[in-house]
Amino acid sequence: MTSTPSLPVIIRNATRSDLDGLCALESGSFTSDAISRSGFSRFLRQASARLLVADAGESGKPDIVGYGLLLLRANTTTARIYSLAISDNWRGKGLGTQLLAGLENLAIDAGCVRIRLEVRIENSNARNLYDRHGYQQIADLPGYYEDGADGIRLQHDLYDIPTERSPAVATGAPLILVDRLKDLPFQVPGARIMRVREYLALDHGVRNRRVINLCQSYEYLSRGYYCSLLAAARSERVIPEADVLLDLNWKRLQKTARAEMSPQIVEALTKPGDHPTKIDVFFGRTVDKRFRDIAQRAFDQFRCPILRLHLNPSDKKILREIEAPALSQLGAEDLPAFESAIRAYLRGRVRKPAA
Numbered sequence: 001m002t003s004t005p006s007l008p009v010i011i012r013n014a015t016r017s018d019l020d021g022l023c024a025l026e027s028g029s030f031t032s033d034a035i036s037r038s039g040f041s042r043f044l045r046q047a048s049a050r051l052l053v054a055d056a057g058e059s060g061k062p063d064i065v066g067y068g069l070l071l072l073r074a075n076t077t078t079a080r081i082y083s084l085a086i087s088d089n090w091r092g093k094g095l096g097t098q099l100l101a102g103l104e105n106l107a108i109d110a111g112c113v114r115i116r117l118e119v120r121i122e123n124s125n126a127r128n129l130y131d132r133h134g135y136q137q138i139a140d141l142p143g144y145y146e147d148g149a150d151g152i153r154l155q156h157d158l159y160d161i162p163t164e165r166s167p168a169v170a171t172g173a174p175l176i177l178v179d180r181l182k183d184l185p186f187q188v189p190g191a192r193i194m195r196v197r198e199y200l201a202l203d204h205g206v207r208n209r210r211v212i213n214l215c216q217s218y219e220y221l222s223r224g225y226y227c228s229l230l231a232a233a234r235s236e237r238v239i240p241e242a243d244v245l246l247d248l249n250w251k252r253l254q255k256t257a258r259a260e261m262s263p264q265i266v267e268a269l270t271k272p273g274d275h276p277t278k279i280d281v282f283f284g285r286t287v288d289k290r291f292r293d294i295a296q297r298a299f300d301q302f303r304c305p306i307l308r309l310h311l312n313p314s315d316k317k318i319l320r321e322i323e324a325p326a327l328s329q330l331g332a333e334d335l336p337a338f339e340s341a342i343r344a345y346l347r348g349r350v351r352k353p354a355a
């Protein structure tokens, strides 16, 4: 099976069922110094080895389009990337960064402070990848490879990141989580759309990666709630956070927020325009300019992708309820505004909450 780069890719721990895919990828990537089937089997059994695969297949049918192999040694805080390979038709899609980020996180979890690796001098693609993420040359390796090719040794200090380089653990493509892929009827440049069940099946996260949780339900102990909880445990930057979902259901906080925002809404309604029954807020933005400051204030307090402010027809306590509706509750006429807001959010054009 040959996947196309439009399908979602899962980074996970390798299993014995991946051996055929690993061997096929290896033979297509290296003409010498290739890892044999028995070699991969040994690494899978070895307690000091960490083997990640990039799986682009469907459920139960793995399609291995990349892998990364990390080796750990006792009594040392230096890990070694033994091998990293990407299928030809998946190169240039950010998959190398994803695998590298996963390996770096595994090294950090194992208590390592640096990573080393060897790479062929003529392998410009691999060298560019490592250079972008702060790996620096520490040694020349003449005639290092089986075919006599020269190599170099690179090193990356995991806790001493040069400012002009971007650590792979901080550059994972943002994830947008949905129950079904068709729930989001548009593409978001630079982001990956993933089904919730696939995210929950991942063995690890990518530190500092942004995760936008658009599950159908945020109810306590629902999959939506658990996704936010899990993302935080993986050191990912998730919206909404699990605590925010609890805050929305806390009557005292709701009452305080409604009391604070109601006067602003009353004032905004004195400006020309109709009297809506609700105000939809997308990442701190709203279509009606009269409510722009109110939308940002609501987002600062309850940081959810979608907020809906329900209004009473005519009452001093005009703000009746604040809820976080599902994407499916938006009408077709709302989707262009939501699409614009999510793109702006991922470009960093949404103001951060006040400290």
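Residues in the sequence shown are numbered consecutively from 1, following the UniProt record's numbering. Heads up, the beta-carbon is just placed ideally off N, CA and C, and yes, glycines get one too.
| query | result |
| --- | --- |
| Euclidean distance between Cα positions of residue 320 and residue 241 | 23 Å |
| Environment of residue 181 [buried if 16+ CB atoms lie within 10 Å] | exposed |
| Beta-bridge partners of residue 137, as assigned by DSSP | 154 |
| Inter-residue spacing [alpha-carbon to alpha-carbon] between residue 128 and residue 24 | 25 Å |
| Spatial distance of residue 121 from residue 137 (CA atoms) | 11 Å |
| Beta-carbon gap between residue 44 and residue 16 smaller than 8 Å | yes |
| Residues near residue 162 by beta carbon distance below 7 Å, same chain, minus five either side | With a pLDDT of 46 at residue 162, under the threshold of 50, the predicted position of this residue should be treated as unreliable, though the coordinate-derived value follows. Once the five neighbours on either side are set aside, the close Cβ partners of residue 162 are 134. |
| Proximity test, residue 120 beta-carbon vs the ligand ATP heavy atom, cut-off 7 Å | No copy of the ligand ATP appears in this structure; indeed no ligand is present at all. |
| Beta bridge counterpart(s) of residue 194 as assigned by DSSP | 177 |
| Candidates 275, 236, 257, of which the one nearest residue 298 by Cα | 257 |
| Those runs of the beta strand (DSSP E) which lie wholly inside the segment 261-321 and span at least 3 residues | 278-282, 306-311 |
| Contact the segment 194-212 vs the segment 102-109: 3+ CB pairs below 8 Å | yes |
| Opposing strand residues paired with residue 211 [DSSP bridges] | 175, 238 |
| Contacting residues, own chain, Cβ-Cβ under 6 Å from residue 144 (five flanking each side not counted) | 151 |
| From 248, 294, 65, 216, residue whose alpha carbon lies closest to that of residue 89 | 65 |
| Secondary structure of residue 347, DSSP reduced to three states | coil |
| Inter-stretch contact at 8 Å, needing at least 3 Cβ pairs: the segment 323-343 / the segment 300-310 | yes |
| Coarse secondary structure for residue 335, derived from DSSP in three states | helix |
| Simplified DSSP assignment, three categories, for residue 244 | helix |
| Opening and closing residue of the beta strand (DSSP E) in which residue 118 lies | 114-120 |
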